[in-house]
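Working notes for the structure below.
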Amino acid sequence: MSTPLLYALTGAVLWGIGLMGLIGLRHLLRKLLALNLIGSATFLILVGLAQHHNGPDPVPQALVLTGIVVSIAATALGVVLIRRYFHLTGRTELESEVPEAGRDEEGHSG
Amino acid sequence: MVEILLDLLLALALILTAAAALLSQDLFRAIVVFIAFGLLMAVCWVRLQAPDIALAEAAIGAGLTGVLLLDAVSHFRRGRGTDSVVEEERG
Amino acid sequence: MRSPAARIGMLLLALMLTALLGRSVWQLSMLEPASDLPRQLQDKLAASGVEHPVTAVLLNFRSYDTLLEIAVLVIAAMAGISMARTRSLEDPELRTSDTLLRALLRWLVPLMLLLAGYLLWAGADRPGGAFQAGAMLAATGVLMRLTGLPLDFLRPGILLRIGLVLGFALFLLVGLASAIAGDVFLAYPREFVKGLILSIETLLTLSIGMILLALFVAAPVNDASEPEEGEK
Numbered sequence: 140m141s142t143p144l145l146y147a148l149t150g151a152v153l154w155g156i157g158l159m160g161l162i163g164l165r166h167l168l169r170k171l172l173a174l175n176l177i178g179s180a181t182f183l184i185l186v187g188l189a190q191h192h193n194g195p196d197p198v199p200q201a202l203v204l205t206g207i208v209v210s211i212a213a214t215a216l217g218v219v220l221i222r223r224y225f226h227l228t229g230r231t232e233l234e235s236e237v238p239e240a241g242r243d244e245e246g247h248s249g
Numbered sequence: 015m016v017e018i019l020l021d022l023l024l025a026l027a028l029i030l031t032a033a034a035a036l037l038s039q040d041l042f043r044a045i046v047v048f049i050a051f052g053l054l055m056a057v058c059w060v061r062l063q064a065p066d067i068a069l070a071e072a073a074i075g076a077g078l079t080g081v082l083l084l085d086a087v088s089h090f091r092r093g094r095g096t097d098s099v100v101e102e103e104r105g
Numbered sequence: 002m003r004s005p006a007a008r009i010g011m012l013l014l015a016l017m018l019t020a021l022l023g024r025s026v027w028q029l030s031m032l033e034p035a036s037d038l039p040r041q042l043q044d045k046l047a048a049s050g051v052e053h054p055v056t057a058v059l060l061n062f063r064s065y066d067t068l069l070e071i072a073v074l075v076i077a078a079m080a081g082i083s084m085a086r087t088r089s090l091e092d093p094e095l096r097t098s099d100t101l102l103r104a105l106l107r108w109l110v111p112l113m114l115l116l117a118g119y120l121l122w123a124g125a126d127r128p129g130g131a132f133q134a135g136a137m138l139a140a141t142g143v144l145m146r147l148t149g150l151p152l153d154f155l156r157p158g159i160l161l162r163i164g165l166v167l168g169f170a171l172f173l174l175v176g177l178a179s180a181i182a183g184d185v186f187l188a189y190p191r192e193f194v195k196g197l198i199l200s201i202e203t204l205l206t207l208s209i210g211m212i213l214l215a216l217f218v219a220a221p222v223n224d225a226s227e228p229e230e231g232e233k
């Protein structure tokens, strides 16, 4: 197994962790973290798979470079929206996901 | 041999920090771990012979994202005490 | 409201999707690639006007992608700024009186600006380029903001708007000019290619830095009252 393939597979695992986080976590900032994780995982898969046979490949690298910048912009916009939401409602979780009393896996501090 | 070991360790560290960032109880801690994840990603890009991405990731993934999220956390913490004030303002 | 059972079901589904993705990656890795992209790139590199392949891809071979990417960034910045209800985007709360921090900044800020300039220049023949330099600029701005140094150019006004779209505008202009001159969209004229790429990159650096900084600065929603709340 080559090094790029190892990282591509790591990316697949990270993608899974991110997806589970995105679904399972309630705090919006945590969801944003999970989304970022999914993004990083996608970049790893993209570059890793492309470089598995060909060696260093500038084309996917350039794509990922723009992808990283877009993802920080998306994260920043997400933070702005979350803050706005918090300012308007005083909540940091989505309305449909406010925890019931008694259900308390993964405490949501912060 | 050493390189494969390094790659395996790095992959393992990536997965562990990712899981830790999402599972951590404390949001502040979660984000600090996420910054560590970003730095590890930068090392990964070096291993993948992509120094351009490594540079961008180190500056953005580890630096800017971290500052942005930490700033937001401190905002929420400060806001927490004034929740009632916010409610009153709206009413 | 979701029940715990539904939650576990969703997580299981996510697990299955992940397994599927892992399997796809594995299967895809078995395939022989149809074309040797790095090699083709290496053959054409001399025509691109820069020596570093990633920069060549970003600003020449796939410049269309980069153009659209900048458009996305500009739109994100606009959305972010429109969320901020502050007249001045400076936060008086953040003003620090820590002399040590200020003294450190005096050294750090010029150094970081220098580094951004270096990264931009290095992009021609080694790792570096507009994106890294832009990120560096944004990081400098964030540092300045967090320590409360005045950032006059970030007032939501004409200066900020021009700064945000500058990179995108020049990029688009070059593309349109080449299209009007009878060539393909975004085909650089051969004799100016280096100068054009450099000037586009310079403005892109500025714009990317300002976009990221504006998005960061827009984040603090101040506690100003919301006059138009009822209208929405």
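Chains as they are written, first to last, in my numbering: chain X, 140 to 249; chain P, 15 to 105; chain A, 2 to 233.
Built from N, CA and C at the ideal position, the CB exists for glycine as well.
All figures in this text were calculated on a predicted structure; none of them were measured in a lab.
Touching by the beta-carbon criterion (3+ pairs, under 8 Å), the segment 192 to 199 of chain X and the segment 214 to 225 of chain X
no
Short-range partners of chain X found in the segment 194 to 210 of chain A, where Cβ spacing is below 7 Å
Ile209
Can you tell me which of A/Gln28, A/Leu59 and A/Tyr189 puts its alpha carbon nearest to the alpha carbon of X/Leu148?
As a first step, residue 148 of chain X must be located in the first sequence, where it is residue number 9. Among A/Gln28, A/Leu59 and A/Tyr189, the Cα nearest to that of X/Leu148 belongs to A/Gln28.
Name the chain X residues that come within less than 7 Å of A/Gly50, Cβ to Cβ?
Here residue 50 of chain A refers to the residue found at position 49 of the third sequence. Here the premise fails: no neighbours, minimum Cβ distance about 15 Å.
For chain X, is any of its Cβ atoms less than 9 Å away from the one on A/Gly130?
As a working mapping, residue 130 of chain A is identified with position 129 in the third sequence. Judged by the 9 Å Cβ criterion, A/Gly130 is in contact with chain X.
Assuming A/Leu121 and A/Thr56 form a contact by the criterion Cβ under 8 Å, report the distance between their Cβ atoms to the nearest whole angstrom.
Counting from one through the third sequence, the residue named residue 121 of chain A turns up at place 120. Counting from one through the third sequence, the residue named residue 56 of chain A turns up at place 55. Wrong, their Cβ atoms sit about 10 Å apart, outside the cutoff.
State the Cα-Cα distance for the pair A/Leu213 and A/Phe193, rounded to the nearest angstrom.
Reading the third sequence from its first residue, position 212 is the one you call residue 213 of chain A. Reading the third sequence from its first residue, position 192 is the one you call residue 193 of chain A. Our two residues, A/Leu213 and A/Phe193, have alpha carbons roughly 30 Å apart in a direct line.
Would a check of beta-carbon distances place X/Thr231 closer than 9 Å to chain A?
The residue labelled residue 231 of chain X in the question sits at position 92 within the first sequence. The beta carbon of X/Thr231 sits no closer than 9 Å to any beta carbon of chain A.
Could you tell me the boundaries of the alpha helix (DSSP H) in which X/His191 lies?
Sequence index remark: in the first sequence, residue 191 of chain X carries index 52 (1-based). Membership of X/His191 in the alpha helix (DSSP H) is indicated by the continuous run Leu167 to Asn193.
Residues of chain P with a CB under 8 Å from the CB of A/Gln133: which are they?
For the purposes of this step, residue 133 of chain A is taken as the residue at position 132 of the third sequence. Within 8 Å Cβ-Cβ: Asp66, Leu69, Ala70 and Ala73.
Hey, out of A/Tyr65, A/Phe172, A/Leu14 and A/Val110, whose CA is closest to A/Arg146's CA?
Taking the third sequence and counting its residues from 1, the one referred to as residue 146 of chain A is at position 145. Checking every option, the nearest Cα to that of A/Arg146 belongs to A/Val110.
Run through the segment 30 to 71 of chain P for me and flag every whole alpha helix (DSSP H) of 4 or more residues, listed as ranges in chain order.
41 to 61 and 65 to 70
Going by C-alpha distance, which of A/Pro54, A/Arg103 and A/Val218 is nearest A/Arg127?
Counting from 1 along the third sequence, the entry for residue 127 of chain A is found at position 126. Minimum Cα distance to A/Arg127 is reached at A/Pro54.
Thinking just about the alpha-carbon of each residue, which of A/Leu69, A/Ala7, A/Arg191 and A/Leu150 is nearest to the one in A/Ala47?
Locating residue 47 of chain A in the third sequence gives position 46, counting from the first residue. The residue with the shortest Cα to Cα distance from A/Ala47 is A/Arg191.
Along the segment 22 to 33 of chain A, where does the CB come closer than 9 Å to a CB of chain X? Name the residues.
So the list reads Leu22, Gly23, Arg24, Ser25, Val26, Trp27, Leu29, Ser30, Leu32 and Glu33, given in the order they occur along the chain.
Drop a sphere of 10 angstroms on the beta-carbon of A/Val5, count the other beta-carbons inside from all chains shown, and report buried for 16 or more, exposed for fewer.
Here residue 5 of chain A corresponds to residue number 4 of the third sequence, with the count starting at 1. The residue you asked about is not Val; residue 5 of chain A is Pro in the sequence shown. With fewer than 16 other Cβ atoms within 10 Å, it is exposed.
DSSP three-state assignment for A/Glu52, whether helix, strand or coil
In the third sequence, the residue the question calls residue 52 of chain A occupies position 51. Coil, per DSSP.
Roughly how many whole angstroms lie between the Cα atoms of X/Leu104 and A/Ala72?
Any question about residue 104 of chain X goes unanswered here, given that chain X covers just 140 to 249.
Just to confirm the assignment, what range does the alpha helix (DSSP H) spanning A/Phe172 have?
As a position in the third sequence, residue 172 of chain A is number 171, starting the count at 1. That run of the alpha helix (DSSP H) goes Ile159 to Ile181.
Spatial distance of A/Gly118 from A/Gly124 (CA atoms)
Your numbering for residue 118 of chain A matches position 117 in the third sequence. Your numbering for residue 124 of chain A matches position 123 in the third sequence. Approximately 10 Å, taken between the alpha carbons.
Please report the straight-line C-alpha distance between A/Ala104 and X/Ala201, rounded to a whole angstrom.
Locating residue 104 of chain A in the third sequence gives position 103, where the first residue counts as 1. Locating residue 201 of chain X in the first sequence gives position 62, where the first residue counts as 1. The straight-line gap from Cα to Cα measures roughly 38 Å.
Is the beta carbon of A/Leu22 sitting closer than 9 Å to the one on X/Gly160?
Along the third sequence, one-based indexing puts residue 22 of chain A at 21. Along the first sequence, one-based indexing puts residue 160 of chain X at 21. Cβ distance not < 9 Å, so A/Leu22 and X/Gly160 don't count as in contact.
Using the three-state DSSP reduction, which class does A/Glu192 fall into: helix, strand or coil?
Taking the third sequence and counting its residues from 1, the one referred to as residue 192 of chain A is at position 191. Helix at A/Glu192.
Measuring only the C-alpha atoms, how far is A/Ala182 from A/Leu38?
Translated into the one-based positions of the third sequence, residue 182 of chain A becomes position 181. Translated into the one-based positions of the third sequence, residue 38 of chain A becomes position 37. Computed Cα separation, rounded: 30 Å.
Nearest chain P C-beta to X/Leu207 closer than 9 Å, yes or no?
Here residue 207 of chain X refers to the residue found at position 68 of the first sequence. What sits at residue 207 of chain X in the sequence shown is Ile, not Leu. Taking Cβ atoms only, chain P reaches closer than 9 Å to X/Ile207, which makes this a yes.
Tell me the rounded alpha-carbon separation between X/Val209 and A/Ile209.
Start at 1 with the first residue of the first sequence, and residue 209 of chain X comes out as number 70. Start at 1 with the first residue of the third sequence, and residue 209 of chain A comes out as number 208. Cα-Cα distance, rounded: 10 Å.
Contact test: A/Asp44 Cβ vs the ligand GTP heavy atom, cutoff 8 Å
The model depicted lacks the ligand GTP and carries no ligand whatsoever.
Are X/Leu172 and P/Leu83 closer than 9 Å when you measure CB to CB?
To locate residue 172 of chain X, count along the first sequence from 1; it is residue 33. To locate residue 83 of chain P, count along the second sequence from 1; it is residue 69. Yes; because the gap between Cβ atoms is below 9 Å, this pair is in contact.
C-alpha distance - P/Ser88 paired with A/Lys195, whole-angstrom precision:
The residue labelled residue 88 of chain P in the question sits at position 74 within the second sequence. The residue labelled residue 195 of chain A in the question sits at position 194 within the third sequence. So the alpha carbons of these two residues sit roughly 45 Å apart.
May I ask you to list the residues that DSSP assigns as paired with A/Glu33?
The count along the third sequence starts at 1 and reaches residue 33 of chain A at position 32. Beta-bridge pairing links A/Glu33 to no other residue.
Using only the alpha-carbon positions, how far apart do X/Leu158 and X/Asp196 sit?
By 1-based counting over the first sequence, the position of residue 158 of chain X is 19. By 1-based counting over the first sequence, the position of residue 196 of chain X is 57. X/Leu158 and X/Asp196 have their alpha carbons spaced roughly 28 Å apart.
Bridge partners - X/Glu232, DSSP secondary structure assignment:
Reading the first sequence from its first residue, position 93 is the one you call residue 232 of chain X. Answer by DSSP bridge pairing, in chain order: X/His166.
Go ahead and pull the three-state DSSP assignment for X/Ser141.
In the first sequence, counting from the first residue as 1, residue 141 of chain X sits at position 2. X/Ser141 falls in the coil class under three-state DSSP.
Quick check on DSSP: helix, strand or coil for A/Val185?
Locating residue 185 of chain A in the third sequence gives position 184, counting from the first residue. Note: A/Val185 maps to coil in three-state DSSP.
When you compare the CB of P/Leu23 with every CB in chain X, is at least one pair closer than 9 Å?
Counting from one through the second sequence, the residue named residue 23 of chain P turns up at place 9. By this cut-off, P/Leu23 is not an interface position.
P/Leu62 and X/Thr142 closer than 9 Å at C-beta:
In the second sequence, counting from the first residue as 1, residue 62 of chain P sits at position 48. In the first sequence, counting from the first residue as 1, residue 142 of chain X sits at position 3. Yes. Within cutoff.
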